[in-house]
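Counting from 77, one number per residue, gives the positions in the sequence shown under this note's numbering.
The next block holds one structure in the form of structure tokens; read it before the comments.
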Amino acid sequence: MTHSLRHIPIRTLGSSPAHLRYLEEDPDLEPFLGRRPRNVDDLLRRAPKDARRLVSPAQLAPALRRYAERHEAGEEVLASVDRVASGEAQLIVTGQQPGLFGGPLYTVHKVATAVRLAQEINAHAGRPLAIPLFWNHTDDHDLEEANRAYFVNNHHEVQRIRLSLERSGEALRDIGIGHKLEQGLAAVTDLLPHNEFRDQTLETFAARHPDEHFGDGLARLLFRLFGRFGLLVIEPRDLPREAFDVLPRWWSMAEQIQSTIRPTIEVLLELGLEITMDPGATLMFQTQGGRRTAMVEGDPVHHATDLSPGVLLRPLWQDACLPTIASVVGPGELAYLSVAGPLYRQLGVPAPVLVPRASLTLVEPSIAKLLKRFGWELTDLDVGPEKLFQDAVGDDSNATEETLEGLIQRLGSDLDQLATDLEQRDPQLLRALERTRDKAQEELGRLLAKLRNSRQNREGTGLRQIRRLANTLRPRGRPQERVLTVVPFMAAHGPQLGDVLVAAADPFTSSHGILEL
77 MTHSLRHIPI RTLGSSPAHL RYLEEDPDLE PFLGRRPRNV DDLLRRAPKD ARRLVSPAQL
137 APALRRYAER HEAGEEVLAS VDRVASGEAQ LIVTGQQPGL FGGPLYTVHK VATAVRLAQE
197 INAHAGRPLA IPLFWNHTDD HDLEEANRAY FVNNHHEVQR IRLSLERSGE ALRDIGIGHK
257 LEQGLAAVTD LLPHNEFRDQ TLETFAARHP DEHFGDGLAR LLFRLFGRFG LLVIEPRDLP
317 REAFDVLPRW WSMAEQIQST IRPTIEVLLE LGLEITMDPG ATLMFQTQGG RRTAMVEGDP
377 VHHATDLSPG VLLRPLWQDA CLPTIASVVG PGELAYLSVA GPLYRQLGVP APVLVPRASL
437 TLVEPSIAKL LKRFGWELTD LDVGPEKLFQ DAVGDDSNAT EETLEGLIQR LGSDLDQLAT
497 DLEQRDPQLL RALERTRDKA QEELGRLLAK LRNSRQNREG TGLRQIRRLA NTLRPRGRPQ
557 ERVLTVVPFM AAHGPQLGDV LVAAADPFTS SHGILEL
């Protein structure tokens, strides 16, 4: 599968202040986020390679194996499990809550970056030291966020696909969607051309049982795209019991933790970061009666395995359990990780080196031709298809028609004047003049109609092309990777798309990649 890659400055597309300043190595952020690694040597010097974790390799490996086998992973994945069991492997961790049909593209971009980083580390070490792992966060309970997938439909409009599900407060892992997936897959099938890998791609998401949840389809997708690179996947509820033992103690420290969070947010705001997090945000959730409910001060803990950390403590729990040396994170995560940074020291958790995920826009060959034809860059597309079309057509798009309309009007006036003259000079010629008038107006009218039809067809085609271009590369004026799913790209290129994404996902770049497939 051939491809080409070029880069543009990420600032031209915009991002969160925390992301941009971390990429640019702002020293003010170093106490909170550390410093962005420039290369493998830099990363390994600061990585917590020998830190103790809550879960031993002997305890972690069986959980990883059961998960891999349950989700149809291949031999390369099981070989990674064996390396974890040996106690020698270190993990490059990334994660995301699952979404319908894999969620937005940035999820696979995260995984591709983690895989590429592991490859870079292993090539540097001369042996298999690092393994990529995806934390499939099915403890999340935001059904509205998970239950949507966006595609560009046959009319070149952005279309949302949803399953008919009722919001009930459960964690995503406890929401069975298997009985609803057939309807969703039928809707997606109508949006995809019948190309080589369409059926294989859709089969990835076909329910294996009625109680299947959002995380199951995502796990199979990631194993198919990246399993041959030894990618591991785990969900928090599949961790061994020992992983949960620390959570009651952390809950008992809620007041001390909150006292660290508040001044941290104040300092970050003074530094100009956009921190929207409430200092009193929920630190811990508890599963009760099938619902994931926020805990408040004084709530007792009945069973450690019923606890689920909130957004601030989740990355700390992950890194306390897993032998993480680096975490691949997105722009939004850097904002709340800057708040969580001091908590690593407070709770004695080894802090991984933070590596921003690759930022990519995927461009199919036909889209690349349109982009070149119009001479636009990605940032030009943010104004939307209609404005782009008006700019491309200009104000004189029907100037020829107006000229012809004026000619017809002048001809009619001139012939009227001629008829008046003939009536006085030779009335017998009036009938010949009328025949000439009718024929001339008929032929000119036919020419005008052809001109109008040609313009309307041209404009219709142009608008459709511009709509397709804008809604594929900058859907709704937003980055492609934050809106569209990987499904149409995988349907066109198959699992080998994973290889291309890994090749493009340089973990040490600070630019946005435009990947022409």
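The C-beta atom is built at its ideal place from N, Cα and C for all residues, glycine as well.
Quick check: what's the CA-CA separation for residue i versus residue j?
i: I197; j: A206; result: 7 Å
i: R103; j: Y182; result: Note that residue 103 is Pro in the sequence shown here, rather than Arg. So the alpha carbons of these two residues sit roughly 27 Å apart.
i: R296; j: A468; result: 43 Å
i: D117; j: A199; result: 12 Å
i: L278; j: L109; result: 39 Å
i: L268; j: P564; result: 7 Å
i: S240; j: T561; result: 19 Å
i: L315; j: G366; result: 19 Å
i: P204; j: P461; result: 48 Å
i: G408; j: E233; result: 27 Å
i: D497; j: K463; result: 52 Å
i: R129; j: M360; result: 21 Å
i: W327; j: H79; result: 49 Å
i: L308; j: G178; result: 16 Å
i: I337; j: P355; result: 6 Å
i: A370; j: R544; result: 43 Å
i: E220; j: G482; result: 57 Å
i: A330; j: E342; result: 19 Å
i: L480; j: E518; result: 13 Å
i: D275; j: A416; result: 43 Å
i: M566; j: G538; result: 27 Å
i: L413; j: A357; result: 14 Å
i: I542; j: D266; result: 22 Å
i: I237; j: N229; result: 11 Å
i: V439; j: L591; result: 6 Å
i: L383; j: D250; result: 15 Å
i: P138; j: R224; result: 33 Å
i: P418; j: P107; result: 8 Å
i: R368; j: E318; result: 21 Å
How would you write the range of the beta strand (DSSP E) that residue i sits in, first residue to last?
i: T78; result: No beta strand (DSSP E) contains T78, which DSSP labels as neither H nor E.
i: R121; result: Premise fails: R121 lies in the alpha helix (DSSP H), 116 to 122, not in any beta strand (DSSP E).
i: M360; result: 360 to 364
i: L307; result: Per DSSP, L307 belongs to no beta strand (DSSP E) and is neither H nor E.
i: E592; result: 587 to 592
i: P564; result: Looking at the DSSP string, P564 is not in any beta strand (DSSP E); the run it does join, the alpha helix (DSSP H), is 563 to 569.
i: P385; result: 383 to 385
i: A370; result: 367 to 370
Buried or exposed: which applies to residue i, given that a residue is buried once 16 or more other Cβ atoms fall within 10 Å of its Cβ?
i: R550; result: buried
i: S156; result: buried
i: T189; result: buried
i: V153; result: buried
i: V322; result: buried
i: G33; result: Because residue 33 is not part of the residues shown, which for the chain are 77 to 593, the question remains open.
i: T352; result: exposed
i: H231; result: exposed
i: H588; result: buried
i: K526; result: exposed
i: E557; result: buried
i: E373; result: exposed
i: K256; result: buried
i: D216; result: buried
i: Q332; result: exposed
i: L345; result: exposed
i: T437; result: buried
i: Q394; result: buried
i: T548; result: buried
i: D514; result: exposed
Which residue comes first and which comes last in the alpha helix (DSSP H) that contains residue i?
i: S328; result: 323 to 328
i: L99; result: 93 to 99
i: F108; result: 106 to 109
i: D375; result: Note, D375: premise wrong, no alpha helix (DSSP H); not H, not E.
i: L505; result: Counting along the chain, L505 falls outside any alpha helix (DSSP H), and DSSP gives it neither H nor E.
i: V578; result: 573 to 580
Would you say the stretch 211 to 219 touches the stretch 168 to 175, given that touching needs at least three Cβ pairs under 8 Å? Counting Cβ pairs under 8 Å, three or more are found: they touch.
Taking contact to mean 3 or more Cβ pairs, one atom from each stretch, closer than 8 Å, check whether the stretch 397 to 405 and the stretch 425 to 432 are in contact. The stretch 397 to 405 makes contact with the stretch 425 to 432; the number of CB pairs closer than 8 Å reaches 3 or more.
contact_flag[the stretch 432 to 440, the stretch 85 to 102] where n(CB pairs < 8 Å) is 3 or more: For the pair of segments examined, the stretch 432 to 440 was found to touch the stretch 85 to 102: the number of CB pairs separated by less than 8 Å reaches three.
Return the chain-ordered ranges of every alpha helix (DSSP H) run that is complete within the stretch 126 to 202 and spans a minimum of 4 residues. The qualifying runs are 133 to 146, 151 to 162, 182 to 201.
With a cut-off of 8 Å, do at least 3 Cβ pairs link the stretch 80 to 95 to the stretch 148 to 165? Contact between the stretch 80 to 95 and the stretch 148 to 165 is absent: fewer than 3 CB-CB pairs across the two stretches fall below 8 Å.
Could I get the ranges of all uninterrupted beta strand (DSSP E) runs contained in the stretch 396 to 461, with 3 residues as the minimum, in chain order? With a minimum length of 3 residues, the unbroken runs of beta strand (DSSP E) contained wholly in the stretch 396 to 461 fall at 400 to 405, 429 to 432, 435 to 439.
Sufficient close CB pairs (3 or more, under 8 Å) joining the stretch 296 to 314 to the stretch 111 to 129: Contact check between the stretch 296 to 314 and the stretch 111 to 129: fewer than three CB pairs, one atom from each, fall below 8 Å, which does not count as touching.
Which runs of the beta strand (DSSP E), 3 residues or longer, sit entirely within the stretch 212 to 294? Entirely contained in the stretch 212 to 294, the beta strand (DSSP E) runs reaching 3 residues are, in chain order, 225 to 228, 234 to 237.
How about the stretch 563 to 583 and the stretch 498 to 510: do they share at least three Cβ pairs that are nearer than 8 Å? Proximity of the stretch 563 to 583 to the stretch 498 to 510 falls short of the contact definition, fewer than three beta-carbon pairs being nearer than 8 Å.
The stretch 140 to 151 contacting the stretch 253 to 265, beta-carbon criterion three pairs below 8 Å: Touching, no, given that fewer than three Cβ pairs across the two stretches are closer than 8 Å.
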